[in-house]
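Chemist:
Numbering (the numbering used here), first residue to last: -8 to 45.
(1) By how many angstroms is the C-alpha of residue 2 removed from the C-alpha of residue -5?
(2) What are the start and end residues of the alpha helix (DSSP H) that includes residue 6?
(3) Here's the rule: buried if 16 or more other CB atoms are within 10 angstroms of the residue's CB, otherwise exposed. What is residue 8?
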């Protein structure tokens, strides 16, 4: 009985995870392309983008 609850909980977390990934992708895509003066920030952003895309 406890295992069933655990599996349902895991499935619930997985759904939230997929939802957050989609939000993150949309957010990263909606960012304007950075100007050369923001190169440091863009490096971090592109690395985050790679991490989010499965």
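Cβ coordinates follow ideal geometry from the N, Cα and C atoms, glycine included.
Please read these numbers as outputs of a predicted model, since none were measured by experiment.
Modeler: According to the structure data:
(1) Your numbering for residue -5 matches position 4 in the chain shown. Your numbering for residue 2 matches position 11 in the chain shown. For residue -5 and residue 2, the distance between alpha carbons rounds to 11 Å.
(2) As a position in the chain shown, residue 6 is number 15, starting the count at 1. Secondary structure note for residue 6: its alpha helix (DSSP H) is the uninterrupted segment -7 to 21.
(3) Translated into the one-based positions of the chain shown, residue 8 becomes position 17. If you draw a 10 Å sphere on the C-beta of residue 8, you find fewer than 16 other C-beta atoms in it, and that means exposed.
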